[in-house]
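*Asks:* If you scroll down you'll find the structure; I have some questions about it.
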Amino acid sequence: RRMTTTMVKKEELGTQEEQTDTVVEPEFETLFRNQRIFQESIVGKGNVRDDPQQLGYHSLSAIKEICEVLDADQRWKTHRNTKYDRKEKLAEVADVFIFAINIALYSDYSAKEVLNAIVKKQRINFERLQKSKEKGELK
């Protein structure tokens with residue numbers, strides 16, 4: 143069963159821990175709409191559009207958030223690194239997705255365009271994987 147979400151006041155969201163425990167499955171377009179509303183509250187209504195400077199800012203911010211994901215889970219480094227904070231890592235992964243939505247918004251892509259591109263790219267990746275397996279390149 144799907145639930146759609148709407149923008150709510152910060153006080154209504156609860157703590158980050160409470161939010162993590164809440165199961166909500168918003169539509170992809172709802173995520174985009176909510177993020178557009180949030181961005182417009184920062185830059186003004188109508189100002190979330192194709193903007194190379196904002197694109198650059200949000201792209202670099204996404205890279206920074208990816209680094210924070212790696213910092214929250216350092217098990218990838220060596221056998222000596224055991225740091226793993228699951229909640230912190232999840233919060234950072236969420237930030238990566240939010241900045242990815244911002245990149246799309248400031249590139250003037252709609253939720254539908256991005257979702258279609260993702261589906262198309264996943265199909266291409268599966269086709270490539272299948273071809274690699276057929277060639278014996280993968281087990």
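Residues in the sequence shown are numbered from 143 upward in steps of one, following our numbering. From the three backbone atoms N, C-alpha and C, an ideal C-beta is built for every residue, glycine too.
Please list the terminal residues of the continuous alpha helix (DSSP H) segment that includes R178.
*Replies:* Numbered from 1 along the sequence shown, position 36 holds the residue referred to as residue 178. Run containing R178: F170 to V185, per the alpha helix (DSSP H) assignment.
*Asks:* For the candidate residues Y199, D192 and V185, whose alpha-carbon lies nearest to that of F241?
*Replies:* Within the sequence shown, residue 241 is the residue found at index 99, counting from 1. Comparing Cα-Cα distances from F241 to each of Y199, D192 and V185, the minimum goes to Y199.
*Asks:* Quick one: grab the DSSP three-state call for Y251.
*Replies:* Here residue 251 is taken as the residue at index 109 of the sequence shown, counted from 1. Residue state, collapsed to three classes: coil.
*Asks:* With a cut-off of 8 Å, do at least 3 Cβ pairs link the stretch 187-196 to the stretch 225-239?
*Replies:* Touching, no, given that fewer than three Cβ pairs across the two stretches are closer than 8 Å.
*Asks:* Just curious, the alpha helix (DSSP H) that E210 is in, first and last residue?
*Replies:* As a position in the sequence shown, residue 210 is number 68, starting the count at 1. From DSSP, the alpha helix (DSSP H) with E210 extends over P194 to A214.
*Asks:* Going by beta carbon distance, what residues of the same chain come within less than 6 Å of D227, once the five residues before and after it are set aside?
*Replies:* Start at 1 with the first residue of the sequence shown, and residue 227 comes out as number 85. A214.
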